[in-house]
Structure formats: structure tokens, C-alpha cells
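Here is the structure we will look at.
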Amino acid sequence: MNEHFIHLAYLVSAGCFILSLKWLSAVPTARRGVLTGVAGMALAVGGTLLDPTIEHFRYLGIAMVVGSMIGVPMALMPMTAVPQRTALSHAFGALAATLVGSAEYALRLRIIDHFTMTALTLEVILGGLTITASLMAAGKLQEVLPTRPMVFKNQNYINLSVLGLAVLIGAYLILNPGAWLLFPVMVLLCLIFGVLLIMPIGGADMPTVLALLNSYAGLSASMMGFVLNNKLLIIAGALDGSSGLILSIIMCRAMNRSFTNVLFGAFGQVQVAAGAVEQKNYRSASAEEAADLLRTADSVIIVPGYGMAVAQAQHKVRELFDLLVKQGTKVTFAIHPVAGRMPGHMNVLLAEADIPYDNLLEMEDANSEFPQADVALVIGANDVTNPAARHDKSSPIYGMPILDVDKARTVMVIKRSMNPGFAGIDNELYYMDRTLMLFGDAKGFVAELVKALPGD
Amino acid sequence: MTSEMISNLYVFVLATFLGIELIRRVSPLLHTPLMSLTNAISAIAVVGALVIAGRAETTLSTILGSIAVAAAMVNVVGGYLITYRMVSMFKKRGAKKS
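Those sequence lines, one after another, are chains E and C. Our numbering numbers the first residue of the first sequence as 3 and each following residue consecutively. Our numbering numbers the first residue of the second sequence as 139 and each following residue consecutively.
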């Protein structure tokens, strides 16, 4: 009787998760989506605790309290730290899967069948590499680790041999599950591979990598479902896995790159910077001059990028938005899918600053608006605005879909200096006749604009 | 392979297709909350960890299981909380500031 109840609880819980994702698709129903997810989780955990084979509640209580005590502060981090937090949470998810997999292996290594052992091996390989890879990604995002790609000779060969060896050991273990000494070796190799995988990844590729790690963590949980013969785990893990997959495909498409290129293509980007000649002319303007242009503009499109997040300029941008709206200007925000350090990063920051979400435009809608815009104001975005992506076949970003900022009547770019951005690619936008360079820190300069605007 | 394993594979494949259809419909506006929500959902791994830790068959499995329970709980609690915080921030034009 009890067992049937648990299965029913799991079934309803799986339904809750599916509805939860369905309702998250649009803002008006998103809150309901989250609450439904909570209900599903409560039902699943509650149902599990009714399982008569669970007897030792004291450890469980302590572990659950400890986990919650870490979880709450992680949920209260400022929005600018969300990419790091997301990376950390992937590490925790993968850690749980890897530990459960290892414990199951230790319990059942004499009686496990090949099919279950295959799932268990996949669980541990995916989980293991995701733990260290996510920690590395979090370190880079928090800038505890150097954010530049770290490259060394024969890097790809070394990385792939480490992974290859882990997979070989995994295959051997599937055939001979009793060879338990090899199990920790496999886990260790995966942990090392996770570190190696992220070393050559630069900041601009973080959105793709975070999405990919999301997918791995989900698949690992799904494999755990096979090992424990638990369909709820299989479903929830598969939902997470496909979500990460879709997001990384969207991110890759937005950069016109392939998975292999993101993961193994850090080479060659660095030397591009060396050849750039700083001879071309550009025009710069002061905050007052820029404010004059903004005052007479009928429509302004703001293009935010990672620079806005770093400078924490979103609240100042909100003040600017308010002033412009008050004087009757139409203000929208153009958001490139890979702007920032994770999918949707800019939207969350702007929402945090209380900017209505119906003023945020996706790339395609924004691009049909730029030709009618009086001013395009670029705040901390670079490569996603580079017109070279459209026509310069020799440019490393050729073919990447970009925001057509250059079609606006006047382009203003807030930038610290003329130094090329992260990828080291010179942006020809900066040398156009209609472009005004506004030199300064994103937050500081927007504050000056705000001060200069109500002038008369 | 037993029939149980086959039906598990069916569930996995169908859930993946369902996931792809569901996620494709999510507005790019909400991609960040989407990541934290799916992360919280896959923290359902806590269920597996609870069983392992709660049965306390060997010392090793109890220790590994308990750590896994704690790690998964971080995402259960943290994941839903931050997702709720994030989706509550999105406001329509003209909506009252809170």
C-alpha cells in the first residue's frame, strides 16, 4: 500500500515539474511555475521519507539542514553574481549524483548487471567532470581564477587522452564491475578532465559552457534514475539535460560557432590583437554633448553588455531610462542572446533595476527597429555590435548574428578606452562617421549623462 | 535487459523530447531563471540520496549518501528561492514599483 502511494506521489511530482517548465515560458505565469515546481519537490521528498526502508532519520535531518543553510545564502546573492551562483549549483548537483553513484557501486559491485553498470558509469563520468568544470567556471566568473583562456602546448591532445582513458576504464568496469580499484581512478580522471576542459575557456564563451554543464548535471541525475530504477529521477534529469542542450544550441547559434569550436577552439584568438593598427580616426564626445543629442532624440535604443554588469551600472541606466521616458522619448533595450556571462543575464539585471520587461527587445525585433532609431547607446557591449561580422570574411566573428547598431542615425559607445575587447577583435563600429565614443566607466558615464540631461 | 530497464529507456527518451518542446517555448527573457529552475528540478537527485543515506547499509554509503543529501538540498532550497526572486523582478510597463 505504502509503496503504491510513493509511486503515485512520484507520478504527480513528475507532472508538477512538467507544468512548472510549461508555466515558466512566459512572465505572467512564471511565478506559478516556480511554485508548482516547489510542490512537486515537496511531494517527492515527502513520499520518499515514507519509504519503510529508510530508518536513519538523524543523518538525513542533519544533512538536510546543512544543505538548506548553504542554499539560502546562495539564493540571496546579488543578481550580478548569478552566473557564478549558477555554476556553483551545477557543481552541487553533479556532486550529489557522483556521490550517490559511488555509494551504489560500493553497495552492489558484486551483483550489478551490465546495463545498470553502464548507467552508473555514465552518471559518475558526467558528474565527476561537471563538478570540477563548474567550480572552475565559477572561479573564472568570480575572477578568483584568471579569466583569460589558459593554453598550453598539445592541450587538446592531453585533454582528450585524459577523457579517453577515463572512458576506457569505464568500459572495462562495465564488463568487469568487480575491478573496484579502477573505480576511484576513473573518478579522479574525470575530475582532472573537468579542470582541463575549462582552462582554455574565455569569458565570452561562458554562456555556452554554463548551459552545457547544466545539461551534463541533468543527464547525470537522469542516469542515477536508471541505476536506482526511479522514473521520477529519469524524467527530472532528462528535462534538465534537454534544457541545457537547447540553451547551448541557442548560444552556439548566436555566436555562429559549433560546440567543438567553443570547447576546443581557444587557440588563435589571442594573436589577432597583435596585428591591429591604432591609426584610424574616431570621434569622441563629452557627457554634455551626448546629453544634448539624447534630449532631441525621439527614439533611443540602449544596447547593454557585460561591461554594464561589471560596472553594476544597471540602476544608473534605469535613472537614464526614467529621464528619457519622462521627456517623451521612446526607449527600448536591444539584447543579444550571448550578451553577458550566461543566457538571459542582461534581462535579469535590467529587471532587477525595475525596467519593464516589455521594453526589452530580442535581437530580431531590435534589428528591425535600429534603422528608425535616432540614437543607439552601447553600454559595455562590443563584439555583438561589430559590423565586420556581416561582411568581413577574414574576421574571426564573421557570420555571427549581430545587433545592427550601425543602422541607427547616431551611435554612442560608452567604453573605457580604444583597447580592443576580450576577443582582441577591433570593432569597426568605433571608426564610423556617425559614431561618438564616450570614454569612461559605464556607471560613471551614465551618471554624468543623467546629471547633464535635465539641463534646461 | 529486463522489461523494467526497457520501460525506463522509454521514459528517458520521451521525457527528453518533451523537455525539448517545453524549453523551446521559453522566452529568452527568462533564460536565466530557466537555468536555475531546471537546476532545482534536477536536484530531485535528493530522493536517491535520501534512500542511500537513510538505509545506512554500510558506513561508506551512509557518509556518501548524507553528503549527497546536503549537496542536493543546496539546490532544492537555493534553486527555487532564487528562481522565485528572479521571476518576481520582471514587471510590465506601468506596473507599480514595489
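Glycine included, each C-beta is placed from N, C-alpha and C at the ideal position.
Note to self: Please report the distance separating the alpha-carbon of Pro166 of chain C from that of Thr210 of chain E.
What the structure shows: In the second sequence, counting from the first residue as 1, residue 166 of chain C sits at position 28. In the first sequence, counting from the first residue as 1, residue 210 of chain E sits at position 208. Whole-angstrom Cα-Cα distance: 14 Å.
Check: Taking the DSSP output, what are the residues bridged to Glu57 of chain E?
Finding: In the first sequence, counting from the first residue as 1, residue 57 of chain E sits at position 55. Paired residues: none, contrary to the question.
Checklist line | C-beta neighbour in chain C for Val187 of chain E, strict 9 Å | finding: Start at 1 with the first residue of the first sequence, and residue 187 of chain E comes out as number 185. No, its Cβ sits nowhere closer than 9 Å to a Cβ of chain C.
Next item on the list: Could you name the residues of chain C that Lys233 of chain E contacts, counting a contact when the two beta carbons are closer than 7 Å?
Entry: Your numbering for residue 233 of chain E matches position 231 in the first sequence. Per Cβ cutoff of 7 Å: Asn146 and Val149.
Margin query: What would DSSP say about Ala341 of chain E, mapped onto helix, strand or coil?
Written below: Residue mapping note: residue 341 of chain E aligns to position 339 of the first sequence, counting from 1. It is coil, neither helix nor strand.
Notebook entry, point to check: Which residues in the same chain have their Cβ closer than 6 Å to the Cβ of Thr334 of chain E, if we skip the five residues on either side of it in sequence?
Noted result: On the first sequence, residue 334 of chain E is found 332 positions in, with the first residue counted as 1. Ile303, Asn361 and Leu363, listed in sequence order.
Next item on the list: Classify Lys142 of chain E as buried or exposed, calling it buried when 16 or more other Cβ atoms lie within 10 Å of its own Cβ.
Entry: As a first step, residue 142 of chain E must be located in the first sequence, where it is residue number 140. The residue in question, Lys142 of chain E, is buried, as its Cβ has 16 or more Cβ neighbours within 10 Å.
Margin query: Quick check on the burial criterion: 16 or more other C-beta atoms within 10 angstroms. Buried or exposed for Trp25 of chain E?
Written below: What you label residue 25 of chain E is simply residue 23 of the first sequence in a count that begins at 1. Buried is the call here.
Next item on the list: Drop a sphere of 10 angstroms on the beta-carbon of Gln329 of chain E, count the other beta-carbons inside from all chains shown, and report buried for 16 or more, exposed for fewer.
Entry: On the first sequence, position 327 is the one that residue 329 of chain E refers to. Exposed: under 16 other Cβ atoms inside 10 Å.
Check: The alpha helix (DSSP H) with Ser136 of chain E in it runs from where to where?
Finding: As a first step, residue 136 of chain E must be located in the first sequence, where it is residue number 134. Note, Ser136 of chain E: alpha helix (DSSP H), His116 to Leu143.
Item checked: Neighbour-count burial assignment, Ala437 of chain E, 16 or more Cβ in a 10 Å radius -> Locating residue 437 of chain E in the first sequence gives position 435, counting from the first residue. In the sequence under discussion, the amino acid at residue 437 of chain E is Thr, which differs from the Ala named in the question. Looking at its Cβ environment, which holds 16 or more other Cβ atoms inside 10 Å, Thr437 of chain E is buried.
Next item on the list: Let me know the secondary structure DSSP gives Phe228 of chain C once reduced to three states.
Entry: Position 90 of the second sequence, counted from the start, is the residue given in the question as residue 228 of chain C. Note: Phe228 of chain C maps to coil in three-state DSSP.
Next item on the list: List the endpoints of the continuous alpha helix (DSSP H) containing Leu170 of chain E.
Entry: As a working note, residue 170 of chain E is residue 168 in the first sequence. Per DSSP, Leu170 of chain E belongs to the alpha helix (DSSP H) from Gln157 to Leu177.
Item checked: Nonlocal neighbours in the same chain, by C-beta distance under 8 Å from Leu184 of chain E, ignoring five residues either side -> As a first step, residue 184 of chain E is located in the first sequence; it is residue number 182 there, counting from the start. So the list reads Ile171, Tyr174 and Leu175, once near-sequence residues are dropped.
Checklist line | Leu97 of chain C vs Val102 of chain E beta-carbon contact at 9 Å | finding: With chain C covering only 139 through 236, there is no way to say anything about residue 97 of chain C.
Notebook entry, point to check: Comparing alpha-carbon positions, which option in E:Leu234, E:Pro54, E:Pro85 and E:Leu165 lies nearest Ala11 of chain E?
Noted result: As a first step, residue 11 of chain E must be located in the first sequence, where it is residue number 9. Out of E:Leu234, E:Pro54, E:Pro85 and E:Leu165, E:Leu234 has the C-alpha closest to the C-alpha of Ala11 of chain E.
Item checked: Per-residue DSSP class, three states only, for Phe441 of chain E -> Here the question's residue 441 of chain E lines up with position 439 in the first sequence. Strand at Phe441 of chain E.
Next item on the list: Please go through the stretch 394–428 of chain E and give each complete beta strand (DSSP E) segment of 3 or more residues, from N-terminal end onward.
Entry: 412–417
Check: In angstroms, rounded to a whole number, what distance separates the CA positions of Glu145 of chain E and Lys230 of chain C?
Finding: Position 143 of the first sequence, counting from 1, holds the residue named residue 145 of chain E. Position 92 of the second sequence, counting from 1, holds the residue named residue 230 of chain C. So the alpha carbons of these two residues sit roughly 34 Å apart.
Notebook entry, point to check: For Gly48 of chain E, is the classification buried or exposed, using 16 other Cβ atoms within 10 angstroms of its Cβ as the cut-off for buried?
Noted result: Numbered from its first residue, the first sequence carries residue 48 of chain E at position 46. The residue in question, Gly48 of chain E, is exposed, as its Cβ has fewer than 16 Cβ neighbours within 10 Å.
Item checked: Alpha-carbon spacing of Asp443 of chain E relative to Gln314 of chain E, whole angstroms -> As a first step, residue 443 of chain E must be located in the first sequence, where it is residue number 441. As a first step, residue 314 of chain E must be located in the first sequence, where it is residue number 312. Distance between the alpha carbons of Asp443 of chain E and Gln314 of chain E: 10 Å.
Notebook entry, point to check: Counting Cβ pairs closer than 8 Å, one from the stretch 181–191 of chain C and one from the stretch 212–222 of chain C, do we hit at least three?
Noted result: yes
Check: Which residue from E:Met119, E:Met348, E:Arg411 and E:Phe441 puts its Cα closest to that of Asn231 of chain E?
Finding: As a first step, residue 231 of chain E is located in the first sequence; it is residue number 229 there, counting from the start. That would be E:Met119, whose Cα lies nearest to the Cα of Asn231 of chain E.
Item checked: Residue-chain proximity (Ser226 of chain C, chain E), Cβ-Cβ < 9 Å -> On the second sequence, position 88 is the one that residue 226 of chain C refers to. Interface residue, yes.
Check: In this structure, does DSSP put Thr334 of chain E in helix, strand or coil?
Finding: Taking the first sequence and counting its residues from 1, the one referred to as residue 334 of chain E is at position 332. Strand at Thr334 of chain E.
Next item on the list: Let me know the secondary structure DSSP gives Val47 of chain E once reduced to three states.
Entry: Taking the first sequence and counting its residues from 1, one reaches residue 47 of chain E at position 45. Residue state, collapsed to three classes: helix.
Checklist line | Alpha carbon of Met257 of chain E to alpha carbon of Ala206 of chain E, nearest angstrom | finding: Reading the first sequence from its first residue, position 255 is the one you call residue 257 of chain E. Reading the first sequence from its first residue, position 204 is the one you call residue 206 of chain E. C-alpha separation (whole angstroms): 10 Å.
Check: Using a C-beta cutoff of 9 Å, does Ile64 of chain E count as contacting chain C?
Finding: The count along the first sequence starts at 1 and reaches residue 64 of chain E at position 62. Yes, Ile64 of chain E lies at the interface with chain C (some Cβ there is under 9 Å from its Cβ).
Check: So which of E:Ile404, E:Glu450, E:Leu455 and E:Leu451 has the shortest CA-CA distance to Leu431 of chain E?
Finding: As a first step, residue 431 of chain E must be located in the first sequence, where it is residue number 429. Of the candidates E:Ile404, E:Glu450, E:Leu455 and E:Leu451, the one whose C-alpha sits nearest the C-alpha of Leu431 of chain E is E:Ile404.
Notebook entry, point to check: How far does the alpha helix (DSSP H) with Ile8 of chain E in it reach, from first residue to last?
Noted result: Along the first sequence, one-based indexing puts residue 8 of chain E at 6. It spans Asn4 to Trp25 - the alpha helix (DSSP H) in which Ile8 of chain E sits, taken as one unbroken run.
Next item on the list: Return no unless some Cβ of chain C is closer than 9 Å to the Cβ of Asn33 of chain E.
Entry: As a first step, residue 33 of chain E is located in the first sequence; it is residue number 31 there, counting from the start. Reading off the sequence shown, one finds Arg at residue 33 of chain E, where the question assumed Asn. Yes, Arg33 of chain E lies at the interface with chain C (some Cβ there is under 9 Å from its Cβ).
Note to self: Contact criterion: CB-CB distance below 9 Å. Does Tyr284 of chain E meet it with respect to chain C?
What the structure shows: The residue labelled residue 284 of chain E in the question sits at position 282 within the first sequence. For Tyr284 of chain E, the answer is no, since every Cβ of chain C falls outside 9 Å of its Cβ.
Next item on the list: Answer with yes or no whether the minimum CB distance from Tyr308 of chain E to chain C is below 9 Å.
Entry: By 1-based counting over the first sequence, the position of residue 308 of chain E is 306. With 9 Å as the cut-off, Tyr308 of chain E does not count as an interface residue toward chain C.
Notebook entry, point to check: By the 10 Å Cβ neighbour count, where 16 or more other Cβ atoms means buried, how is Met71 of chain E classified, buried or exposed?
Noted result: Here residue 71 of chain E refers to the residue found at position 69 when the first sequence is read from its first residue. Per the 10 Å Cβ criterion, exposed.
Notebook entry, point to check: Taking Ser288 of chain E as the reference, which of E:Met439, E:Phe19 and E:Ile8 has the closest Cα?
Noted result: Taking the first residue of the first sequence as position 1, residue 288 of chain E is located at position 286. The residue with the shortest Cα to Cα distance from Ser288 of chain E is E:Met439.
Next item on the list: Per DSSP, which residues does Ala378 of chain E bridge with? Please list them.
Entry: Counting from 1 along the first sequence, the entry for residue 378 of chain E is found at position 376. For Ala378 of chain E, which the question treats as bridged, DSSP gives the partners E:Ile303 and E:Val413.
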